[in-house]
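For reference, the structure discussed in these notes is given below.
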Amino acid sequence: MNRLVACFAGAAILLWGCESSEMPGKTKNVSAEVTNQHGNVENLTALDQYVQHSLEGQRGAVRIVHMTIEGDPIYNDLSFSGAGHKLRIDTTQDKFGSPKITDLTCRSMEKVESSVSMKYVLRGCSGEADERTVLHIAFDLAKQDRFEFALRYGPSAFDLQNEISTIDSRLSRDLINGSVHVAQGFEIPFEAKQRIYRALVLANYLGTKELSEGCEAAADETSAGSSSEQRNFSLKVLINGGSREFRWANCGNDSSGNTLGLTTVAEEIIREAEQTEAFRSLPPVQGARL
Numbered sequence: 020m021n022r023l024v025a026c027f028a029g030a031a032i033l034l035w036g037c038e039s040s041e042m043p044g045k046t047k048n049v050s051a052e053v054t055n056q057h058g059n060v061e062n063l064t065a066l067d068q069y070v071q072h073s074l075e076g077q078r079g080a081v082r083i084v085h086m087t088i089e090g091d092p093i094y095n096d097l098s099f100s101g102a103g104h105k106l107r108i109d110t111t112q113d114k115f116g117s118p119k120i121t122d123l124t125c126r127s128m129e130k131v132e133s134s135v136s137m138k139y140v141l142r143g144c145s146g147e148a149d150e151r152t153v154l155h156i157a158f159d160l161a162k163q164d165r166f167e168f169a170l171r172y173g174p175s176a177f178d179l180q181n182e183i184s185t186i187d188s189r190l191s192r193d194l195i196n197g198s199v200h201v202a203q204g205f206e207i208p209f210e211a212k213q214r215i216y217r218a219l220v221l222a223n224y225l226g227t228k229e230l231s232e233g234c235e236a237a238a239d240e241t242s243a244g245s246s247s248e249q250r251n252f253s254l255k256v257l258i259n260g261g262s263r264e265f266r267w268a269n270c271g272n273d274s275s276g277n278t279l280g281l282t283t284v285a286e287e288i289i290r291e292a293e294q295t296e297a298f299r300s301l302p303p304v305q306g307a308r309l
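20 is the number of the first residue of the sequence shown in the working numbering; add one for each residue after it.
Rendered as structure tokens:
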């Protein structure tokens, strides 16, 4: 009889290792959270840090929250203790799915990136599938009907004389001598647009952004950073039948990452424009700012 009880207890432990019916909110505590709302990903940096730290042998944990079309969360809790990854998939709050908790172990994890997508893949996993993709982000520009942008930038919110626009096919350069040179007929290659679109998607440009057009005074002059860190930007994006507009100052001290992501987009636009003959043909700046 005692042997029979022990067998049942052992079987129960094995079953719990695969699936569980724990109540919502009983999943593992994690130190960071990444949210995926139908391809719009918030706080992706936390997942990148988790992957990098695991490659370096550092312990860590991160939660990926996939929102269903109905708005219900599906939790993917990842943890790394130095000897592989543990993945807990919690669907107990998905009202239109099968409520359960599944625990898996995986040997390794990596980020797999192409020009049109990015995947975070676990390999050597227990369960039915050897590989599991915990997050997939697509940014294939060829699948969009329309994508154009206009970036304006300058030293302040009231001085945005420089412009790179595929909406109006125009380049403008502030010569800092009281005049602005405008060049029409500007075009940018599709491959360059693809890289810019990638930067926009990874910056979660469709998400809610709390932006500021002003910078607080630096505590001391050395903390103010370079002049590029204090530029102001205005960005208009036309995507398919919709549009988004952003205005912000890059102060170099945004801990939320909102302006950091958009500034990365602006820098990518400027970098791609600088490779064109039209940009190289612009006259040089003739003055200097005081």
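All C-beta atoms in this analysis are idealised placements derived from N, C-alpha and C, irrespective of residue type, glycine included.
Boundaries of the beta strand (DSSP E) around Thr121: 120-125. Residue environment for Asn196: exposed (fewer than 16 other C-beta atoms within 10 angstroms of its C-beta). Val84 is positioned such that its CB atom lies no closer than 9 Å to that of Tyr139.
Sixteen is the threshold: since fewer than 16 other Cβ atoms of the shown chains lie within 10 Å of the Cβ of Gly58, the residue is exposed. Rounded to the nearest angstrom, the gap between the Cα atoms of Asn259 and Lys105 is 40 Å.
The DSSP assignment places 120-125, 127-132, 136-142, 151-157, 166-173 as complete runs of the beta strand (DSSP E) inside the stretch 120-181, in order along the chain (cut-off: 3 residues). Its chain contains Arg299 as the residues whose beta carbon lies nearer than 8 Å to that of Glu293, once the 5 sequence neighbours on both sides are disregarded; these appear in chain order. Here Thr87 carries a coil assignment [DSSP, helix/strand/coil]. By the neighbour-count criterion, in which 16 or more other beta carbons inside 10 Å mark a residue as buried, Asp187 falls on the exposed side. Taking all protein chains in view, the Cβ of Ile88 is surrounded by fewer than 16 other Cβ atoms within 10 Å, so the residue is classified as exposed. Taking C-beta atoms under 8 Å as the contact rule, Ala80 and Asn62 fail to qualify, at a distance of about 14 Å. Sequence-distant Cβ neighbours of Glu264 in its own chain, meaning closer than 6 Å and more than five residues away, are Lys255. The stretch 167-176 makes no contact with the stretch 105-123: fewer than 3 CB pairs, one atom from each, lie closer than 8 Å. Looking from the CA of Gly101, the closest CA among Asn95, Ser73, Gly90 belongs to Ser73.
A straight line joining the alpha-carbon of Gly204 with that of Glu291 spans about 16 Å.
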